[in-house]
Each structure stands twice: as structure tokens, then as C-alpha cells.
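Worksheet for the structure shown next.
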Amino acid sequence: MTPAMRTAIYFAAALAAAPCSAQVYDCVIDPSETVDVAGASGGVVARVHIEPGEKVERGQLLAKLDSTIQSATVAMLRLRADDTSEIEAQKTQLAFLEARLGRTQELSTRGVVSREVLEEIQTAVEAARSVLIRVELARRLAMEELKRAEAVLSLLEIRSPIDGIVLERYFDDGEYLPLEGRFATIVQLDPLDVVTFLPVAEYGTIQEGDMAQVRPAPPVDGVYQAEIQRIDRVFDVASGTFGLHLRLDNPDLSIPAGHRCKVAFGSEIGTSSSD
């Protein structure tokens, strides 16, 4: 029996024991996202920056893999990309030849120098221009190689893809993280995902976007407003139910996930409430 079937049967039993007129159903509060964060590149973990239970933000650095070789490669390519001495020297050479060509053309019109000398200098100018183009292209290629090396270096950093809480961390400093190995599990607790199952007779009586009231089981207090986000379009034949998911905002992270609850549609649960 699959976990989904067991969950559906649990809710079906709870529904059978509860009066339908109350429209109060059992539910479970889950994280809205559970992400297994993997390394894009394998390597030795150089430094871990997070601990289980820690709050993290999207893009936050979780760990760095050893980058000794790649950092040296980036440094070497940066020196090459930043070096403009050859370009400057070639520009100077070209400027000298162009000035010489101008003087020679003036002398040629007066018949002081031969046409062969003029053509020689013209050829030298064209050659210098070609060399300048080549060295400028070489520098652009060096800059692209630097970008590529920096991109590879960034793959040695593991960052959080979401805002959330670190549920588990699987590697410590000095351990080897295999390629695409799972480094940590992060859960998003704002918003929360409230899951419940209703009898098929209730299908069509509620719509996506409708609001409901959720009361977490003790020791969590309060009644909270939740919005229906998704209604399953496939019924569970064995239990005679269908599932739906509600969005429960949790900006202060006061409501824990992995907790049972009650949800009411069109009626109140008790008398207390909380924003």
C-alpha cells in the first residue's frame, strides 16, 4: 500500500466518524516546498555555512567545494584578459605607419618618392591593421574564457534555491560530495500547504479561491484563514474521497509543518481566531 493510499484511507475513516453537516474535516499541514539541494559539481566540501534548523534565503551560500585549482585557473585567465599591452603596442605601431603613409602620399604627389615605396608602406599599414584585429580578437577570446572559468568556479558554490528552513544537512567539511549528490534538504514554511480529503459528495460545492478556516492540533493555538489553491480532478475510488490543497500564509513561521489540523468550509471552528 502506497503512502498516498494510506493517507486517503486515514482521511476516509475520519470522515466516516464525523458528521457531514459540520463541514469540518481532518487535514495535515505540510511545507509548501521541499527541495533536495544538490551540488552541480562533485568535490571535497571545503566549508559548510549552514546548520539544520537555520533559516536561509534564496541565493544564500550553503557550502563551498574545494576550488584551489579552478581559482588558480581563473586568476591566470584574468591576468591574460586584463593585459592590453600587446593591443596598445600594435595601436602605436599602426599610428606610426599611418602617419608615415600620409607623409609618403604627400611626397608621392610631388614625385619625390616612387610608387613602389608608397605601395610598400600601404601594405605595411594593412598588415598592421590585420595584426591589431587579431590581438583584439585574442583579448576578447581571453575574456570569454575568463567568463567560462568563473562560471565553472561558481558551480563549486552550493546556494539555496528558495527561502526556507534547513531540514537536513548530509555532508560536513572535508567530506566528498559526489556529482549531483544531495547536500541538504530545505523546506519552505511560508506559505504552508494544507492537505485534506473530502467525500466525493462534496465535489463541486467548493471552488479554487474559496477561503476556509484551519485549526492546528494542540499545542498550536489559533484559527487561521487559508485559501483553496488546488482541487484534485481524480477521485480516490477506494476511499470515495478527493483531495484538495489550501495555501496557509505563515509569515512569522509560528505554525509548524508536519502537523495535524482541522479545516472548516463555510462554518467556524470554535470561537478563537488569529490573523
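With mature numbering (1 follows the signal peptide of the UniProt record, and there is no 0) as the guide, the letters of the sequence shown map in order to residues -22 to -1, 1 to 253.
Note that beta-carbon positions come from the ideal geometry of N, C-alpha and C, so glycine has one too.
Could you check the C-alpha separation between Pro234 and Gln166 for me, to the nearest Å? 11 Å
C-alpha gap between Glu11 and Gly142, whole angstroms: 9 Å
Can you name the residues that DSSP bridges to Glu76? For Glu76, which the question treats as bridged, DSSP gives no partner whatsoever.
Ends of the beta strand (DSSP E) at Thr183? Neither: Thr183 is in no beta strand (DSSP E) and is coded neither H nor E.
CB-CB length for Val173 against Asp8, believed under 8 Å: 6 Å
Leu43 (DSSP reduced to helix, strand or coil): strand
Whole-number beta carbon distance between Val113 and Ile28, since they are thought to touch under 8 Å: Not quite, the Cβ-Cβ distance comes to about 46 Å (not below 8 Å), so this is no contact.
Do Leu119 and Gln48 come within 8 Å of each other at the CB atom, strictly closer than that value? no
Note down the Cα distance separating Leu170 from Arg211, rounded to an integer number of angstroms. 21 Å
Endpoints, the beta strand (DSSP E) within which Gln166 is located: Arg160 to Pro177
Leaving out five residues before and five after His237 in sequence, what residues of the same chain have Cβ atoms less than 8 Å from its Cβ? Val6, Ile7, Pro194, Ala195 and Val198
DSSP state of Gln100, grouped into three classes? helix
In angstroms, rounded to a whole number, what distance separates the CA positions of Thr82 and Ala67? 23 Å
Taking just the CA atoms, how far does Ala16 sit from Tyr154? 13 Å
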